[in-house]
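Encoded as structure tokens, the structure appears first; notes follow it.
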Amino acid sequence: MTSTAPVGGATATATTEPSLETRGLTKSFGGVRAVDGADVTFHRGKINALIGPNGSGKTTFFNCVTGMIKPDSGKVTLGGNDITGKPPHRIAAAGIGRSFQLCRIFPRLTVLENMLVGVRSPSVLHRMGGARNGDDIAKARELLRRVGIDHLESSEARDISYGQQKLLELAGVLMVDPDTIMLDEPAGGVNPALIGRIGTLVRELNAEGRTFVIVEHNMDMVMSLSDHVVVFDRGRPIAEGPPSVVQNDPRVLEAYLGV
Amino acid sequence: MPSASDTTTGAAPAGAAPGGATERRSRFDTTLLGGKIALLVVVGALVLVFPQMAADPFILSVGVVIASYAALAVSWNFVGGFTGYISLGHAAYSGLGGYATALFITRADLNPWVALIGGGLLVAVLAVPIGIASLRVRGASFVIVSIALVLILLLVAQSWASLTGGAQGLRVPRPFGEDVLRPEQHERFFYIHVAFVVVALALWWAIDRSRFGMGLKAIREDEDKAQALGVPTGGYKLTVFVISAFFTAVAGGLYALWFGYLDPIFQFSILIGSYMVLMSLLGGLRSLMGPVLGAVVVGYSLEFFKVHYGDSQFHLVALGLLLALVVLFMPDGILPAVGALVDRLRPEKRTSIREMTAEDLLEHNRRLDGGTGTPEGTATPAGSGPGATDAERDLATVPPREEQR
Ligand SMILES: Nc1ncnc2c1ncn2[C@@H]1O[C@H](COP(=O)(O)OP(=O)(O)OP(=O)(O)O)[C@@H](O)[C@H]1O
Ligand SMILES: [Mg+2]
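Order-wise, the sequence lines are chains A and B.
First residue of the first sequence? That's -12 in this note's numbering, and the numbers climb one at a time after it.
First residue of the second sequence? That's 55 in this note's numbering, and the numbers climb one at a time after it.
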């Protein structure tokens, strides 16, 4: 496997500033330590990948970072600000958007309505305003057009195909204008050609300055897309670095192949 | 970017169209809107002349009962319809509203209408801690918690006899003097109830259109996802819960003023709470008028069975059957089922995946191809955008398989 040179200057790894950091992050379910004292640093403006075998705690890590579950201990910072244990909507407001491993959309709302949920509200008065106003709709349509599902805007979200739902979920996250976008298996369960489309979108959005953290099992995608790879095993990072280095790391091979 | 939808977005104040999504209103939609308005006018006129047309005071009193049910159902639907949290215990708020109104009049010597609003406000304040505690749990757990509250209040109302009159019940002074005769009382209360329902519906409608309402509906569909998108779910749920409690309490207070007597067994009963759920489900809890329609159907049936089968429990069996039938054949309620039926008559289908023609698809793909997919001002990084293969572009726009529903 020859790795494609990452877009956006992978050579500059040394000069990057941290965006999202965790220190000693821990979360147990009963006896299972899903995340076990993880110290992870993701870099601003980069496409970061988080990989690891099934059950290594990647999704749990995401949930701890985005406030969906409270970590038992440890610290999460975003651009230096402590966001540990804050409720998800505050973390969203702080600039982290995320997708879910099993694509989550609002099934009985239309595609357009799905988009309007993520509109940021600065004040109570703003919340009382009409949801279907020209500005928000124009922005929603622009994003739908960008991911290529604008022709479906009045379909109920449950009626569109799984691949289209994944695109909708991504577009919905973009409505919130997050600086950091965390995607849990964006290529999971989608056709190879659509994977290419999602990859292209990620690159474009990254070029606009957005930081990505992507959990993915599709190694081609990880290697061609990411600038920085963190490898998880049993709830903590065991290796990290540029994709070309990480994929030859013996510890990574061991974790994946179990040798 | 000269694309068809761009020009229309700019031209139409998009928020105005009820569909919002479809830019141009078709002839069918115009006809439909006209039909709806006509229906609204006719039904509204019928409601207004009902007291004059009612043959006797009994029929008139049935009208008040149905209007009272509608008031309760619409109030319940602030929580149930928007957030999907099914409270079986809303009788707690109607009951409290009733007792608060009565006690404000008898103990504090307040004007009945001030007492009514005061009762509603008191219950709204009480609903804050109750909401904070109970809205933490979802689904079945929330239902159980909501029931628990009614049972507790029933015990309190029965045992705190010095305040509530206990099992003896509580007499509520009439707001209109003794010289106002029964039929006249019924007529006035009928109009007051109708006005209340109209105000509640107007607020429901306003919330439905707001960003707040969009957040609430997102909570109904997927609460965690909504919160991940920045919706302050806790605050939203609590707000709408307090609104619902306030309206339910005022509806309960109105009932107390009209009926003139409060019996704890009847005020704090699971059955009343269940009626509110049943009526909303029956009519369609995601539609504005659903709970009203449900209240008319359920209220009429209840009175019908009571008249024909007396005090037997037969009306409960019949209502249960009715609910089962509706849930089986119209799971979303009557109004959405009617809406779907009307939609089938539509000559041109709404833009939807299955209706997209080959030309549309081609045009759509051409637009993506032309690079209009990227917003202006954003440099397209080399090797992306236009570099995408045809297969990639097609994939995003391939209509789903037919069996997908
Ligand atoms: N809610 C939960 N309750 C109990 N155990 C859980 C829960 N969520 C995760 N776990 C456990 O924590 C461990 C890590 O799970 P997690 O879903 O985070 O892994 P993952 O790396 O995302 O795996 P995959 O690649 O399969 O998605 C697993 O052993 C899992 O069984
Ligand atoms: Mg996972």
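Backbone N, C-alpha and C define an ideal beta-carbon position, used for all residues, glycine too.
- Close to Gly269/B, with beta-carbon spacing below 7 Å, are these residues of chain A in chain order: Val104.
- In the three-state scheme derived from DSSP, where H, G and I count as helix and E and B as strand, Met206/A is classed as helix.
- Nearest Cα to Val248/B within the set Val380/B, Ala349/B, Met384/B and Gly89/B: Ala349/B.
- Taking a contact to require three or more Cβ pairs closer than 8 Å, the region 287 to 294 of chain B and the region 168 to 176 of chain B do not qualify as touching.
- Interface annotation, Glu232/B: not in contact with chain A, CB-CB separation never under 7 Å.
- Just so you know, the alpha carbons of Pro237/A and Phe199/A end up roughly 26 Å apart.
- The Cβ-Cβ distance between Val119/B and Gly267/B does not fall below 7 Å.
- Taken from the Cβ of Thr53/A, every heavy atom of ligand 1 lies 6 Å or farther away.
- At least one CB atom of chain B sits nearer than 7 Å to the CB of Val163/A.
- For Ile168/A, the uninterrupted beta strand (DSSP E) segment begins and ends at Thr167 to Asp171.
- Taking the Cβ of Lys33/A as the reference point, every heavy atom of ligand 2 lies at 6 Å or farther away.
- When DSSP states are grouped into helix, strand and coil, Val179/B belongs to the helix group.
- With 6 Å as the limit between CB and the heavy atoms of ligand 1, the residues that fall short of it are Phe16/A, Val19/A, Ala21/A, Gly39/A, Asn41/A, Gly42/A, Ser43/A, Gly44/A, Lys45/A, Thr46/A, Thr47/A and Gln88/A.
- Within the region 211 to 232 of chain A, not one residue has a Cβ closer than 7 Å to any Cβ of chain B.
- The Cβ of Pro75/A sits closer than 7 Å to at least one Cβ of chain B.
- Below 8 Å, too few C-beta pairs join the region 135 to 155 of chain A and the region 56 to 63 of chain A to call them touching: fewer than three.
- Boundaries of the alpha helix (DSSP H) around Ser328/B: Ile324 to Gly337.
- Residue-level contact by beta carbon fails for Arg31/A and chain B, as no gap is shorter than 7 Å.
- Pro401/B counts as exposed, since fewer than 16 other beta carbons sit within 10 angstroms of its beta carbon.
- Comparing C-alpha distances from Thr302/B to each of Val116/B, Gly134/B and Val95/B shows the shortest one belongs to Gly134/B.
- The beta carbon of Asn178/A lies closer than 7 Å to those of Gly150 in the same chain, with the five residues before and after it left out.
- When secondary structure is reduced to three states using DSSP, Val191/B falls in the coil class, being assigned neither helix nor strand.
- Here Gln367/B is exposed: its Cβ has fewer than 16 other Cβ atoms, across all protein chains shown, within 10 Å.
- The region 202 to 209 of chain A makes no contact with the region 13 to 26 of chain A, as fewer than three CB pairs between them are under 8 Å.
- Of all residues in the region 278 to 290 of chain B, only Asp278, Lys279, Ala280, Gln281, Ala282, Leu283, Gly284, Val285, Pro286, Thr287 and Gly288 come within less than 8 Å of chain A when Cβ atoms are compared, listed by chain position.
- Between Gly82/A and Pro165/A, the C-beta spacing is below 7 Å.
- Secondary structure at Asn68/A: strand, using DSSP grouped into helix, strand and coil.
- Leu37/A is bridged by DSSP to Val202/A and Val217/A.
- The alpha helix (DSSP H) runs of length 4 or more contained entirely in the region 72 to 152 of chain A are, from start to end of the chain, 75 to 80, 98 to 103, 111 to 115 and 121 to 134.
- Against chain B, the beta carbon of Ala174/A has no neighbour under 9 Å; the closest one sits roughly 13 Å away.
- Within the region 109 to 134 of chain B, not one residue has a Cβ closer than 8 Å to any Cβ of chain A.
- When only Cα atoms are considered, Arg274/B and Gly138/B end up about 5 Å apart.
- Rounded to the nearest whole angstrom, the CA to CA distance from Gln106/B to Leu255/B is 24 Å.
- Here Thr167/A is buried. Its C-beta has 16 or more other C-beta atoms within 10 Å.
- Not one beta carbon of chain A lies nearer than 7 Å to the beta carbon of Asp397/B.
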